[in-house]
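All remarks here apply to the structure that follows.
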Amino acid sequence: MRYKQEMPRVKRTILKRRNDGVSFLRHLKYLQKYGLSNIHQRLHDNNTVKEFKHQLGVVAIVKNEAPYLKEWIEFHKLVGVDVFYLYDNESSDNIMEVLQPYINQGLVKYELVKGKNKQIDVYNESIVQYRNDVRWLAIIDADEFIVPVEKENILDMINSLDKSFSQILVGWLIYGSNGLKKKQEGLVTDNFKYHARSDFIADYKPILNPRLVMNVVTPHWANVIGKTIDENGKRIWGYPYHTKIYAVPASKNKIRINHYYSKSLEEFIKKSERGYADYDGSDRMVRDMDAFHEHDQNYVTDTVINKYSDILRKELGVTKNED
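One point on numbering: in the UniProt record's numbering, the residue at position 185 of the sequence shown is 185, and numbering is uninterrupted.
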């Protein structure tokens, strides 16, 4: 069930507050386990470091994403990302041919990672290694595009909020296949314009202050010292997609993540067959065709990302696909 379940408002409030209470107690327990000395060090680092090499970074683990990386990097440059920490989980495509120019520029920090199920490990490694180098760090995948809706730049959106938060959760907007069976020429952001309705419940990804991170638990949530908020500044006490029973769609009016979950059917099947950087188990439900059909949401046409399209095509040297 991916849609908001109808229930009395009082019942939803009670369920949410109960989960918030459990999350708060769990957070206190983790703070205790983490230790006062470590918390003090994190707070010291946060208060001491005033100058950063980079204002906004992205960390991602990738596997055989070479055909899509240039568009993904160039787009995020347009919205304010000035460094990419990319962990390559043993890709067999031409990833280095794509990334080498960016590595030479210092825009991409590249590291090869071997083995399975390394996603959470590399996120936590990047936090430790780069926390004093970058002001804000987003955790996303190569099929996710962070799109400011009201502002032109991600940092402008972040700077419009109360600065006392440690983590902002950005809601997914799930894009479908547009009915495409085969991979198309052109850009992902041009080829896929239809997404789920506003009542479709999807997930989140964090943009966080790495100096105040204790650990990354999932790709969608980190334990932090301080506040986690949504795009409206509303405090979030626990991972909001903890259960579908009372979950509601994320607010996505100011900033969102365009998640091109499947692209065409051909691309989805190819990606499923070759394995993923986060998990390579054939039994994982979200990798099968049921997941494709669940996420093949083509109900609403959307042009918000179009404000970047002309300059993105120019940077990439491509023309618009009119088909």
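The beta carbon of each residue, even a glycine, is placed where N, CA and C say it ideally should be.
| query | result |
| --- | --- |
| Selection from SER264, ALA222, GLU294, ARG197 that minimises the alpha carbon distance to LYS252 | ARG197 |
| Reference ARG235; option with closest CA among VAL318, ASN89, GLU71, SER166 | SER166 |
| Alpha carbon of GLN297 to alpha carbon of LEU173, nearest angstrom | 10 Å |
| ASP302 versus THR189, LYS263, LYS118, SER264, residue with shortest Cα-Cα distance | THR189 |
| For ASN64, the first and last residue of its enclosing alpha helix (DSSP H) | Counting along the chain, ASN64 falls outside any alpha helix (DSSP H), and DSSP gives it neither H nor E. |
| Unbroken stretches of the alpha helix (DSSP H), 4 residues or longer, contained in the stretch 84-119 | 95-105 |
| Spatial distance of ALA250 from GLU144 (CA atoms) | 16 Å |
| Candidates PHE52, VAL83, VAL149, of which the one nearest ILE257 by Cα | VAL149 |
| CA-to-CA distance, THR218 to ILE127, given in whole angstroms | 14 Å |
| SER309, DSSP secondary structure in three states | helix |
| Top-ranked residue by Cα proximity to ILE139, from ASN209, GLY115, GLY176, LEU107 | ASN209 |
| GLY238 at chain C interface by Cβ criterion, 8 Å | Of the protein chains in the structure, only one exists, and it is not chain C. |
| Local conformation of ARG131 per DSSP, three classes | coil |
| Backbone secondary structure at HIS220 - three-state DSSP | coil |
| Whether TYR194 touches TYR175 by CB criterion (8 Å) | yes |
| Residues near LYS114 by beta carbon distance below 7 Å, same chain, minus five either side | GLU90 |
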